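Okay, so the sequence shown: first residue is 198 according to the working numbering, each after it adds one. Okay, structure first, notes after.
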Amino acid sequence: MPSTLKTPGVYVEEIVKFPPSVAQVETAIPAFIGYTEKATNKLAGDLNEVPTRITSLLEYERFFGGAKAETSISVTITEDSDNNKSIAVTQPTAKQPFIMYYAMQLYFANGGGPCYIVSVGRYGSQLADAEVAVTSIVDAAALKTGLDEIAKVDEPTLILFPDATKIDSVDATTFYGLYNDALSQCNKLQDRFTIIDTLSYDGSTSTDPNIAALRSGISLGKDFVKYGAAYYPHLETILDYTISETGITVVHSGGSSPAPIAQAKANAAKDTLEGYTTDGVLGDLETTMEGAITAVSSASDDAGALALVADVVNAVDAIITHLENVISEAESLVDAGRDAADATDDATLKGNVTTAVNALDTVITSHVRSGIVGLEANKDSLNAAADQTEADAAGVTANASVDALDIPTEIDARIGAIVTAIDAIVTAGGSAGVLNGKSLAEVETLDNSTYNKIKTEINNLPMELPPSSAVAGVYARVDSTRGVWKAPANEGLNYVVKPTVRVTNDIQDGLNVDTTAGKSVNAIRSFTGKGVIVWGARTLAGNDNEWRYVSVRRFFNMVEESVKKASDQFVFEANDANTWVRIRSMIENFLTNQWKAGALAGATADDAFYVKVGLNQTMTADDILNGIMNVEIGMAVVRPAEFIVLKFSHKMQES
198 MPSTLKTPGV YVEEIVKFPP SVAQVETAIP AFIGYTEKAT NKLAGDLNEV
248 PTRITSLLEY ERFFGGAKAE TSISVTITED SDNNKSIAVT QPTAKQPFIM
298 YYAMQLYFAN GGGPCYIVSV GRYGSQLADA EVAVTSIVDA AALKTGLDEI
348 AKVDEPTLIL FPDATKIDSV DATTFYGLYN DALSQCNKLQ DRFTIIDTLS
398 YDGSTSTDPN IAALRSGISL GKDFVKYGAA YYPHLETILD YTISETGITV
448 VHSGGSSPAP IAQAKANAAK DTLEGYTTDG VLGDLETTME GAITAVSSAS
498 DDAGALALVA DVVNAVDAII THLENVISEA ESLVDAGRDA ADATDDATLK
548 GNVTTAVNAL DTVITSHVRS GIVGLEANKD SLNAAADQTE ADAAGVTANA
598 SVDALDIPTE IDARIGAIVT AIDAIVTAGG SAGVLNGKSL AEVETLDNST
648 YNKIKTEINN LPMELPPSSA VAGVYARVDS TRGVWKAPAN EGLNYVVKPT
698 VRVTNDIQDG LNVDTTAGKS VNAIRSFTGK GVIVWGARTL AGNDNEWRYV
748 SVRRFFNMVE ESVKKASDQF VFEANDANTW VRIRSMIENF LTNQWKAGAL
798 AGATADDAFY VKVGLNQTMT ADDILNGIMN VEIGMAVVRP AEFIVLKFSH
848 KMQES
């Protein structure tokens, strides 16, 4: 309505009766600062060091990619003679230092929601112009740059550095110096909280030196440490490593692998052949045949010669049988040689075997077989001559002394060459199996069943991660199901097998209460029948009665930020009773809702909180002259029942 009425008519004026409302800000929006495979929205690298809001792991993969593949996982297959395979895999000997992707998996698995990603370095191939892929985390400088960038964004309420534990040769001063910077930012902005990992862990002693290093490394005062909480120890998770199937090579030993089998067959054939080609066996056969031929030749007449022809034929049959056995064993040796050649990728060794095999094959084909043919022909002639009483038996039998009798000596020269060449292949491969030296990608093609078993074993390898990302997920889960005022403790962790250190009550005594500096460290423990549970709810200001608990600090953060944003509308309004009533009513309505939700303790709203504003109450006349409106808010925030004591006593019988 116009401020002055000049024209006659009807005017409408809307009168404000209700106070404005306070909208509760988000309480669990983590900012993950670390290294990613890429940082690309539309152009390669256009998200470099740009805080980017995502709501799911799928979005993370779209903008920032996945994990860097492991190449140093050892895969060993031991196979017995019955082809039973035993597969053993080991943790990567040179783990990739980039764990941001795995941290995101753990965060979303534990209830995480919207969050911010600040990529401070890329290890993939989608890089901006002149950008070089990182291969290791050399210092904390890039992470500090990311911290500076997230300070420019208002929404994040939690700060994490998943990759910080992987900085090369990092010392406690550098590592916790990064968290000191984060706590300083929290103190300055007063709207966020830092989740702190320990640099490492040592389960061999009840007083892990990493705890003392944390307490010494976090060197800020109580006004800073109340904005952070530390969690211990690291976690063993069920997450699967991303692997390079072309970069992991299999070691395969034993079993029915081609080269050793070929060697065994070759040795057996060699032994038999040497038996056939010794002078003893062939000498006896040759002597028998030559004696029979001589007897025929020296017979007094044709009739006598013909009577002796049967002895010559029998001798020839024996030699033919012997040579056929030689061929059979020689062919076994040839086959063994070819199997061995197929089992090696070494061109020289393959060529040596092939040459020796071909030489023996030539002897068998060109000489032994033709020799047998010659002996068969002579035998036929002898049989024919036996039917001709006028035949010159001596002339016929003379042709039976053929060159075939010299052939085994030729074979002898070839046997050693083949066996030696096969031995060289087996020696070069040791007792290697058929999959030895093959990459996983090749194993998938050659033996898919074994490949699947290897993948299963690799996926069963536990992956160790710092706990901060899982804890951030718990914060988000508790905030959404209960409220930010509920302590994020006595909550189970998903995807976690066990803590890397078994924390006992005695160990937690020293973690939870620090009598020297008051810096509490929250334990993550495993309980029978309950699983892995966050078993601590303190900030680093463990001796501060006001800010001891994480839930109290974070609830104040939420209320302060929510009321601050809602109060912006009153800036430059009249600093008088009308404005004071409106702003007080606005805050009281908001806190009443929090009290009803269970965030504030008190039988009545008046017991749970108060809001004061007014002249001679929170302000002096001079304050008003200086444009200052002081609003005082007091809240009785609920605190967790950290220690429940059950007291029992005897009671006298009364009836």
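Beta carbons: idealized from backbone N, C-alpha and C, even for Gly. Predicted, not measured: the structure shown is a model, and the values here were computed from it.
(1) In terms of residue numbering, what span does the beta strand (DSSP E) encompassing Val698 cover?
(2) His431 and Asn633 look like a contact to me (Cβ under 8 angstroms); what is the Cβ gap, rounded to whole Å?
(3) Does Asp351 come out as helix, strand or coil in the three-state DSSP assignment?
(4) CA-CA distance, Gly689 and Gln814?
(5) Please return the same chain residues whose Cβ sits closer than 7 angstroms to the Cβ of Arg781, not counting the five positions on each side in sequence.
(6) What are the boundary residues of the alpha helix (DSSP H) that includes Asp388?
(7) Can you list, in chain order, the residues of its chain with a C-beta nearer than 6 angstroms to that of Gly308? Leave out the 5 residues immediately preceding and following it.
(8) Going by Cα to Cα distance, which pick from Ala300, Ala348 and Ala291 is closest to Glu433?
(9) I need the straight-line Cα distance from Ala361 to Asp773, nearest angstrom please.
(10) Go ahead and label Ser665 buried or exposed: buried means 16 or more other beta carbons lie within 10 angstroms of its beta carbon, across all protein chains shown.
(11) Just confirm the distance between the C-beta atoms of Val447 and Ile274, as a whole number of angstroms; I'd bet it's less than 8 angstroms.
(12) Where do the N-terminal and C-terminal ends of the beta strand (DSSP E) with Tyr398 fall, by residue?
(13) Roughly how many angstroms separate the alpha carbons of Met660 and Gly418, rounded to a whole number?
(14) Suppose contacts are defined by Cβ-Cβ distances below 9 angstroms. Is Ile270 in contact with Leu658 by that definition?
(15) Tell me Pro227's beta-bridge partners as DSSP assigns them.
(16) My output table needs one value for Arg735: the three-state DSSP class, helix, strand or coil.
(17) Is the number of C-beta pairs between the segment 711-719 and the segment 732-741 that are closer than 8 angstroms three or more?
(18) Might you give, ordered along the chain, the residues of its own chain that have their beta carbon closer than 7 angstroms to the beta carbon of Thr224, omitting 5 neighbours on each side?
(19) On the premise that Ser316 lies in contact with Ala236, defined as a C-beta separation below 8 angstroms, what is that separation, rounded to the nearest angstrom?
(20) Spatial neighbours of Asp399 within its chain, please: C-beta separation below 8 angstroms, excluding the five flanking residues on both sides.
(21) Per DSSP, which residues does Arg319 bridge with? Please list them.
(22) Going along the chain, which residues of its own chain have a beta-carbon closer than 7 angstroms to the beta-carbon of Val694, five neighbours each way excluded?
(23) According to DSSP, simplified to helix, strand and coil, what is Asn723?
(24) Starting from Tyr298, follow its DSSP beta bridges and name the residues at the other end.
(25) Is it right to say Lys203 is buried, meaning 16 or more other beta carbons lie within 10 angstroms of its own, or is it exposed?
(26) Taking Thr273 as part of the beta strand (DSSP E), name the residues at either end of that continuous run.
(27) When DSSP builds the beta bridges, which residues end up paired with Leu432?
(28) Beta-carbon separation of Gly310 and Thr252 under 9 angstroms?
(29) Give a yes or no on contact between the segment 322-330 and the segment 204-217, applying the rule of three or more CB pairs nearer than 8 angstroms.
(30) Using the C-alpha atoms, what's the distance from Asn740 back to Pro837?
(31) Throw me the rounded Cβ distance for the Trp744 and Lys423 pair, which I believe falls under 8 angstroms.
(32) Per the DSSP calculation, Gly689 is bridged to which residue(s)?
(33) Could you give the first and the last residue of the continuous alpha helix (DSSP H) run that contains Ile821?
(34) Ignoring anything shorter than 4 residues, give me the alpha helix (DSSP H) runs that lie fully in the segment 735-815, in order along the chain.
(35) Please state the DSSP three-state secondary structure of Glu267.
(36) Which stretch, first to last residue, makes up the alpha helix (DSSP H) that contains Gly414?
Reading it off the structure:
(1) Taken as a continuous stretch (DSSP letters only), Val698 belongs to no beta strand (DSSP E), as it is neither H nor E.
(2) That pair is no contact at about 35 angstroms.
(3) Asp351: coil per DSSP, three-state reduction.
(4) The straight-line gap from Cα to Cα measures roughly 47 angstroms.
(5) Result list for Arg781: Val808 and Val810, in chain order.
(6) Careful: Asp388 lies outside any alpha helix (DSSP H) and carries neither H nor E.
(7) So the list reads Gly670, Ala673 and Arg674, once near-sequence residues are dropped.
(8) Comparing Cα positions, the closest option is Ala300.
(9) Spanning the two alpha carbons is a distance of roughly 51 angstroms.
(10) Buried, by the Cβ-count rule.
(11) Going by Cβ atoms, the distance from Val447 to Ile274 rounds to 6 angstroms, so yes, they are a contact pair.
(12) In the DSSP annotation of this structure, Tyr398 is not part of any beta strand (DSSP E), being labelled neither H nor E.
(13) Going by the C-alpha atoms only, they are around 35 angstroms apart.
(14) For Ile270 and Leu658, yes; Cβs fall inside 9 angstroms.
(15) The bridge partners DSSP lists for Pro227 are Leu355.
(16) Under the three-state reduction of DSSP, Arg735 is assigned to strand.
(17) Under the 8 angstroms Cβ criterion, the segment 711-719 counts as touching the segment 732-741, having at least three qualifying pairs.
(18) Thr354, Asp676, Val681, Arg751 and Met755, listed in sequence order.
(19) So it is a contact: roughly 4 angstroms between Cβ atoms.
(20) Hits under 8 angstroms: Asp405, Pro406, Asn407 and Val698.
(21) Arg319 is bridged to Thr233.
(22) So the list reads Glu433, Thr434, Ile435 and Pro659, once near-sequence residues are dropped.
(23) The sequence shown places Ser at residue 723, rather than the Asn named in the question. Secondary structure at Ser723: strand, using DSSP grouped into helix, strand and coil.
(24) Answer by DSSP bridge pairing: none, since Tyr298 is not bridged.
(25) Exposed.
(26) From DSSP, the beta strand (DSSP E) with Thr273 extends over Val272 to Glu276.
(27) Answer is Leu662 and Pro696, bridged to Leu432.
(28) A contact, by the Cβ cut-off of 9 angstroms.
(29) No: the two stretches stay apart, fewer than three of their Cβ pairs being nearer than 8 angstroms.
(30) The straight-line gap from Cα to Cα measures roughly 15 angstroms.
(31) About 4 angstroms separates the beta carbons of Trp744 and Lys423, which is inside the 8 angstroms limit, making them a contact pair.
(32) When DSSP reads this structure, Gly689 sits in a beta bridge with Ile730.
(33) Where Ile821 is concerned, the enclosing alpha helix (DSSP H) stretches over Ala818 to Leu822.
(34) Counting only runs of 4 or more, we get 747-763, 774-794 and 802-805.
(35) DSSP places Glu267 in strand when its eight states are reduced to three.
(36) Counting along the chain, the unbroken alpha helix (DSSP H) around Gly414 starts and ends at Pro406 to Gly414.
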